[in-house]
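S.K.:
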Amino acid sequence: MIPKRIFSPVAAKVDLSYEINEGKRFYIEEIKIRGNERTEDHVIRRELLFSPGGRFDSVKIRDSHEKLMATGYFDKQSPMPVNMLSEQGSRPDLSNLLVEVKEGRSGVLRFGAGFGMNSGLFGDISYTDNNFNIVDPPKNLRDFWSGDAFRGAGHVFDAKFSPGLKRTEAILSLSDPSIYDSVYSAGGSTFFFTRDRKEYTEQRLGNRFTLGRMITPTLSVGVTPGFERIKIEDVSLNAAQFIKEQAGTRKKLSGDLRTVWDKRNHPMFPTKGHLVDANFEISGIDVNIWKFVASAKKYYKVWEPEWWGAHVLRVGGTIGMVDSTTDSTVPIFERFFAGGLGSIRGFDFRGVAPVDPQTGEQIGGDSMVLYGIEDMFPIYKDLLKGVVFVDAGKADVNTGDIGFDRMRASVGAGLRFNLPFFGRMTFGVDFGIAVKKETDDNTKLININLGGGG
Numbered sequence: 237m238i239p240k241r242i243f244s245p246v247a248a249k250v251d252l253s254y255e256i257n258e259g260k261r262f263y264i265e266e267i268k269i270r271g272n273e274r275t276e277d278h279v280i281r282r283e284l285l286f287s288p289g290g291r292f293d294s295v296k297i298r299d300s301h302e303k304l305m306a307t308g309y310f311d312k313q314s315p316m317p318v319n320m321l322s323e324q325g326s327r328p329d330l331s332n333l334l335v336e337v338k339e340g341r342s343g344v345l346r347f348g349a350g351f352g353m354n355s356g357l358f359g360d361i362s363y364t365d366n367n368f369n370i371v372d373p374p375k376n377l378r379d380f381w382s383g384d385a386f387r388g389a390g391h392v393f394d395a396k397f398s399p400g401l402k403r404t405e406a407i408l409s410l411s412d413p414s415i416y417d418s419v420y421s422a423g424g425s426t427f428f429f430t431r432d433r434k435e436y437t438e439q440r441l442g443n444r445f446t447l448g449r450m451i452t453p454t455l456s457v458g459v460t461p462g463f464e465r466i467k468i469e470d471v472s473l474n475a476a477q478f479i480k481e482q483a484g485t486r487k488k489l490s491g492d493l494r495t496v497w498d499k500r501n502h503p504m505f506p507t508k509g510h511l512v513d514a515n516f517e518i519s520g521i522d523v524n525i526w527k528f529v530a531s532a533k534k535y536y537k538v539w540e541p542e543w544w545g546a547h548v549l550r551v552g553g554t555i556g557m558v559d560s561t562t563d564s565t566v567p568i569f570e571r572f573f574a575g576g577l578g579s580i581r582g583f584d585f586r587g588v589a590p591v592d593p594q595t596g597e598q599i600g601g602d603s604m605v606l607y608g609i610e611d612m613f614p615i616y617k618d619l620l621k622g623v624v625f626v627d628a629g630k631a632d633v634n635t636g637d638i639g640f641d642r643m644r645a646s647v648g649a650g651l652r653f654n655l656p657f658f659g660r661m662t663f664g665v666d667f668g669i670a671v672k673k674e675t676d677d678n679t680k681l682i683n684i685n686l687g688g689g690g
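Residue numbering for the sequence shown follows my numbering, beginning at 237 and increasing consecutively.
See the structure below:
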């Protein structure tokens with residue numbers, strides 16, 4: 237690019253023009269994968285945004301590097317788990333791309349315990365592997381213990397048993413994010429869930445199967461048929477009449493349509509990008525409802541020096557609506573509640589919801605809105621971080637009650653401890669103050685979470 241200045245003979249001004257000489261275009265001749273002793277070549281290639289014959293594009297190379305890093309297949313303790321280099325091809329305008337990887341252990345076996353204000357004290361026995369291969373059984377004991385078996389196909393396997401005082405959960409799932417390296421994905425899961433609520437116990441047992449399609453590298457859609465058996469038991473004598481009417485077992489046949497737009501740079505610890513997730517569900521047999529839930533999160537990297545951790549600002553929101561497709565009311569186990577971790581801190585778990593007029597007990601609503609801003613900054617690298625936040629939201633009576641009336645709000649601060657020796661478990665403590673609340677709300681100053689869920 238050559239700038240040219242042209243001085244005006246009349247006025248005191250300068251016309252500036254640029255003469256652009258395009259450089260020579262380069263194209264990709266071959267893509268060579270090195271260092272993958274367990275991961276199959278095609279599993280790495282399907283993450284690449286470029287292909288042989290395509291134009292050499294530094295932006296696509298950078299984005300492909302981020303995608304490979306986000307898979308979790310490679311050794312993050314290595315100074316360079318994924319490296320991309322170029323070499324001269326067979327002609328001056330051709331280049332070969334070398335993708336060098338250093339594999340890590342993609343499977344995580346965890347025995348532990350945790351505590352969450354939402355879930356109480358619980359145990360955790362789990363095995364998760366996002367580079368699983370179901371058709372690669374061990375040939376001998378050495379294969380099994382060395383990690384060479386069931387490895388390398390990019391399948392996602394998850395087995396979890398989490399017994400607890402308030403909540404017990406078991407999940408077994410297997411999915412293929414790219415069937416035969418196509419844009420289609422498939423997966424199935426079996427799950428069991430039991431939760432002690434304040435006035436009753438909720439139990440769910442079911443199966444789901446998902447078929448999905450990638451529209452673009454960051455946009456996907458999926459359909460999920462499922463079947464559940466839902467049981468409400470141990471209802472308190474002092475419970476609201478509406479809750480007493482829920483006692484018993486119901487069958488639920490459902491179909492979900494889900495759209496996900498994910499441009500985060502990491503699925504667990506993002507520092508930039510956004511995630512938009514929208515799900516529409518319709519169900520029948522004994523549970524006749526439709527439900528819509530959509531959420532959006534945006535991440536901004538404020539600062540990240542090489543010698544310290546990332547400073548990240550996150551903004552987000554969630555909207556939920558549910559209604560019956562018959563003359564019956566929406567059952568309590570399908571209604572919305574707000575409050576607690578992941579919702580409105582400064583309030584108790586499920587402490588924000590419409591109440592029964594006779595008992596004053598929260599019975600859930602047919603709509604929910606949540607908003608949040610959180611600033612997370614490093615205190616000591618990525619091991620210890622501080623957060624300040626503003627949360628707002630509500631759960632309301634009717635499906636269309638998604639305006640700003642009866643909105644609750646809180647402000648607060650907290651700490652995050654990342655524990656890499658526990659499989660990157662995070663210990664968090666938040667101090668939240670409810671600055672806008674209603675008479676029947678339940679508030680809570682401190683929320684503690686050690687690997688706990690809702």
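Don't be surprised by glycine CBs; every beta carbon is placed ideally from N, CA and C.
Values in this document were obtained by computation on a predicted structure and should not be read as measured data.
#1: Apart from the five residues just before and just after V671, which ones in its own chain have a Cβ nearer than 7 angstroms to its Cβ?
#2: For the segment 293-347, which segments carrying the alpha helix (DSSP H) assignment without a break, of at least 4 residues, lie completely within its bounds, in sequence order?
#3: In terms of DSSP beta bridges, what is P288 paired with?
#4: Suppose you measure from the CA of M316 to the CA of S300; what does that come to, to the nearest Å?
#5: Count the other C-beta atoms from every protein chain shown that fall within 10 angstroms of the C-beta of D666, then say buried if there are 16 or more, exposed otherwise.
#6: Who are the near neighbours of T275 in its chain, counting only those whose CB is closer than 7 angstroms to its CB and skipping five residues on each side?
#7: Based on Cα-Cα distance, which residue from L377, E481, N501 and Y416 lies nearest to S564?
#8: What beta strand (DSSP E) runs, 3 residues minimum, are completely inside the segment 504-549?
#9: Between the segment 545-553 and the segment 611-620, can you find at least three pairs of beta-carbon atoms closer than 8 angstroms?
#10: Quick one: what does DSSP say H391 is sitting in, helix, strand or coil?
#11: If you pair each beta-carbon of the segment 553-561 with each one of the segment 633-644, do three or more pairs fall below 8 angstroms?
#12: Rounded to the nearest angstrom, what separates G689 and G359 at their Cα positions?
#13: Return helix, strand or coil for V471, following the three-state DSSP convention.
#14: Classify L672 as helix, strand or coil using the three-state DSSP reduction.
#15: Under DSSP, the beta strand (DSSP E) around I451 begins and ends at which residues?
#16: Short of 7 angstroms in beta carbon distance, which residues of its chain neighbour K260, apart from the five on each side in sequence? Order them along the chain.
#17: Determine the burial state of Y535: buried for a count of at least 16 other Cβ atoms within 10 Å of its Cβ, exposed for fewer.
#18: Should F585 be labelled buried (16 or more other beta-carbon atoms within 10 Å of its own) or exposed?
#19: Start and end of the alpha helix (DSSP H) containing F478?
#20: Mind the definition here: the segment 516-525 touches the segment 481-490 only if three or more C-beta pairs lie below 8 angstroms; say whether that holds.
#21: What residues are listed by DSSP as bridge partners for K487?
#22: Ends of the alpha helix (DSSP H) at R642?
#23: Would you report the Cα separation of S331 and T307, rounded to the nearest angstrom?
#24: Are there 16 or more other CB atoms within 10 angstroms of the CB of P288, so buried, or fewer, so exposed?
#25: So what does DSSP say about D559, is it helix, strand or coil?
#26: In the DSSP assignment, find the alpha helix (DSSP H) that holds I280 and state where it starts and stops.
M.R.: If we stick to the structure as given:
#1: A645, S646 and V647
#2: 294-306
#3: Answer is none; P288 lacks a bridge partner.
#4: 15 angstroms
#5: buried
#6: Y309, E339, N367 and G388
#7: E481
#8: 509-521 and 525-539
#9: yes
#10: strand
#11: yes
#12: Confidence at G689 is low in this model, with a pLDDT of 44, below 50, so the placement of that residue is unreliable and no value is reported for it.
#13: coil
#14: Sequence check: residue 672 is Lys here, not Leu. Three-state DSSP puts K672 in a strand.
#15: T437 to T452
#16: D329
#17: buried
#18: buried
#19: Q477 to K480
#20: yes
#21: R465
#22: Unbroken run through R642: none, as it is neither H nor E.
#23: 26 angstroms
#24: exposed
#25: strand
#26: D277 to R281
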